[in-house]
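Residue numbers (UniProt numbering): 1 to 249.
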């Protein structure tokens, strides 16, 4: 939705949990006599029952989008978390992705698969609360370089990997990559790779009948022994014992 300079919306009474994202311009909103501002790159949370009046930017067009979730599908814990959350937070990349998924749904989704739209709306609310908590603690969003390499690690499950390869995928130097991993994930890039592959292998052990060797090779380990050593380090037991525990229920 794009408003011309000086556009307004309301007054109205909010019926849903509504997340309003400002992409360009700004929104100054009166909610029950209290003022709040949602600037470009921010998202505001508006809860049911509030009387709202939106004054959009006087100087430029305001481009915004929104997501509404009916109170009936919002559980008590999430509703309480929304009540404690700040009125406005910075938009995260995860939130952008959830909004993109929601906006990409066919128009008849609500008719044929209402649960899908509801699930995305609830996920957006959870992300709002989660990002608000992180921002309050002073935690920063993962940089693009880190997101790129994490995505590559998730997709290149069986390929050989080393620090230069990871740095190239992230488009940063090796030293910068090590610093990013330590700051945001508390570990080193290579250790993160092996922990990720080990957890993927553990899932395959639990859910398939593949041999330990087959699982090891599919998860990028050079030998079953290498895989077994990591399984013991993370789970405290050998691969076969881990499988036996899962299959016994």
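For each residue, glycine too, the CB sits at the ideal point set by N, CA and C.
{"Item": "List the whole-angstrom C-beta distance separating residue 53 from residue 11, where the pair is believed to meet the contact cut-off of C-beta under 8 angstroms.", "Value": "4 angstroms"}
{"Item": "So residue 85 and residue 29 are supposed to be a Cβ contact under 8 angstroms. How far apart are they, rounded?", "Value": "About 16 angstroms separates the two Cβ atoms, so there is no contact after all."}
{"Item": "Taking the alpha carbon of residue 39 as the point to measure from, which residue in 61, 32 and 33 has its own alpha carbon closest?", "Value": "61"}
{"Item": "What separation, rounded to the nearest whole angstrom, lies between the Cα atoms of residue 159 and residue 1?", "Value": "44 angstroms"}
{"Item": "For residue 155, is the classification buried or exposed, using 16 other Cβ atoms within 10 angstroms of its Cβ as the cut-off for buried?", "Value": "exposed"}
{"Item": "Below 6 angstroms CB to CB, which residues in the same chain sit around residue 121 once its five sequence neighbours on both sides are set aside?", "Value": "67 and 69"}
{"Item": "What did DSSP end up calling residue 63 once you bin it into helix, strand or coil?", "Value": "strand"}
{"Item": "For residue 2, list the residues DSSP reports as bridge partners.", "Value": "63"}
{"Item": "Whole-angstrom Cβ separation of residue 198 and residue 166, contact assumed at under 8 angstroms?", "Value": "Wrong, their Cβ atoms sit about 17 angstroms apart, outside the cutoff."}
{"Item": "Is the stretch 142-152 touching the stretch 168-180, taking contact as three or more C-beta pairs under 8 angstroms?", "Value": "yes"}
{"Item": "Could you tell me if residue 35 is buried or exposed, where buried requires 16 or more neighbouring beta carbons within 10 angstroms of its beta carbon?", "Value": "exposed"}
{"Item": "Residue ranges of each alpha helix (DSSP H) run of no fewer than 4 residues wholly in the stretch 97-147, ordered along the chain?", "Value": "109-112 and 114-136"}
{"Item": "Quick check on residue 19: buried or exposed, where buried means 16 or more other Cβ atoms within 10 Å of its Cβ?", "Value": "buried"}
{"Item": "Assuming residue 117 and residue 104 make a contact with CB atoms under 8 angstroms, what is their CB distance in whole Å?", "Value": "No, residue 117 and residue 104 are not in contact; Cβ-Cβ is about 11 angstroms, not under 8 angstroms."}
{"Item": "Does DSSP classify residue 257 as helix, strand or coil?", "Value": "Coverage of the chain is limited to positions 1 through 249, which leaves residue 257 absent and any answer about it impossible."}
{"Item": "For residue 245, report the span of its alpha helix (DSSP H) as first-last.", "Value": "239-248"}
{"Item": "Measure the beta-carbon distance from residue 89 to residue 21 and round it to whole angstroms, keeping in mind my assumption that it falls under 8 angstroms.", "Value": "Not really, about 11 angstroms apart at Cβ, beyond 8 angstroms."}
{"Item": "Short of 8 angstroms in beta carbon distance, which residues of its chain neighbour residue 163, apart from the five on each side in sequence? Order them along the chain.", "Value": "174, 177, 178, 189 and 190"}
{"Item": "Any idea which residues DSSP pairs residue 261 with across the strands?", "Value": "Residue 261 is absent from the model: the chain starts at 1 and stops at 249."}
{"Item": "Going along the chain, which residues of its own chain have a beta-carbon closer than 8 angstroms to the beta-carbon of residue 219, five neighbours each way excluded?", "Value": "157, 158, 197, 198, 200, 201, 204 and 227"}
{"Item": "Could you give the distance in angstroms between the alpha-carbon of residue 133 and the alpha-carbon of residue 211?", "Value": "43 angstroms"}
{"Item": "Taking the alpha-carbon positions, what's the residue 194 to residue 24 distance?", "Value": "42 angstroms"}
{"Item": "Apply the 10 Å Cβ neighbour rule to residue 171 and answer buried if 16 or more other Cβ atoms are within range, or exposed otherwise.", "Value": "exposed"}
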